[in-house]
Amino acid sequence: MTKMQHDKGGTNVSPFFAGLLCRCPRCGRGKVFKSLLDVAPICGACDLDLSAHDTGDGPAVFVILIVGGLAVALAFIVETSFAPPIWVHLIYQIPFVLGASILCLRPLKATLIALQYRSNVGGFNGNQNDLNNDARSD
Ligand SMILES: [Zn+2]
Numbered sequence: 003m004t005k006m007q008h009d010k011g012g013t014n015v016s017p018f019f020a021g022l023l024c025r026c027p028r029c030g031r032g033k034v035f036k037s038l039l040d041v042a043p044i045c046g047a048c049d050l051d052l053s054a055h056d057t058g059d060g061p062a063v064f065v066i067l068i069v070g071g072l073a074v075a076l077a078f079i080v081e082t083s084f085a086p087p088i089w090v091h092l093i094y095q096i097p098f099v100l101g102a103s104i105l106c107l108r109p110l111k112a113t114l115i116a117l118q119y120r121s122n123v124g125g126f127n128g129n130q131n132d133l134n135n136d137a138r139s140d
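Okay, here's the thing in structure tokens:
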């Protein structure tokens, strides 16, 4: 990362790219998660304090909206095409909703962390200032 990138207010890593790959919002190389949904305390590549994030229930809300919409659309398509009994809907909907929720939750949480870092909100207020101070002292 160059000095010019620090002076622009942080990083040139896209928050959506970093979120999709679950990478650090500052360097784009370190991993955000230490397990399935636990955020690592610091980035292994650039030592960014990731414990400062505060995504709250934001990722879960987006998962509910996205996966819920897809589940309703899928049920509508199956019902209008085949008109199966209700237990058939349960057989494919339960694994679909569980699997899609787990798959979507990690990248959505990482994206919200990256957007918080980019927007200098949540607990990342001090990190951006430290980064800019480091760039000026170089
Ligand atoms: Zn990093």
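Start counting the sequence shown at 3; every next residue gets the next number (this note's numbering). Ideal Cβ positions, reconstructed from N, Cα and C, are used throughout, including at glycine. Quantities reported herein were computed from a predicted structural model and do not represent experimental measurements.
Under a three-way DSSP split, which group does residue i fall into?
i, result
"Arg28", "coil"
"Val15", "coil"
"Ala85", "coil"
"Leu76", "helix"
From the DSSP secondary-structure annotation, give me the bridge partner or partners of residue i.
i, result
"Phe35", "Val41"
"Asp56", "None, per the DSSP bridge assignment."
"Asp51", "Ile44"
Is the closest heavy atom of ligand 1 to the C-beta of residue i under 7 Å?
i, result
"Arg28", "yes"
"Arg120", "no"
"Gly32", "yes"
"Leu50", "yes"
"Cys106", "no"
"Cys24", "no"
"Ala1", "Past the boundaries of the shown model lies residue 1; the chain is included only from 3 to 140, so the question cannot be answered."
Near residue i, what residues of its chain come up, given a Cβ to Cβ distance below 6 Å and the 5 sequence neighbours on each side ignored?
i, result
"Gly46", "Gly32"
"Ala20", "Pro27, Gly30 and Ala116"
Excluding the 5 residues preceding and the 5 following residue i in the sequence, name in chain order all residues of the same chain whose CB lies nearer than 7 Å to its CB.
i, result
"Cys106", "Val65, Ile68 and Val69"
"Arg25", "Arg31, Gly32, Lys33 and Val34"
Only counting the same chain, and skipping five residues up and downstream in sequence, which positions put a Cβ closer than 8 Å to that of residue i?
i, result
"Leu39", "Leu107, Arg108 and Lys111"
"Phe18", "Thr113 and Ala116"
Examine chain B for any beta-carbon lying closer than 8 Å to the beta-carbon of residue i, and answer yes or no.
i, result
"Ile44", "Absent from the structure is chain B; it holds one protein chain and no more."
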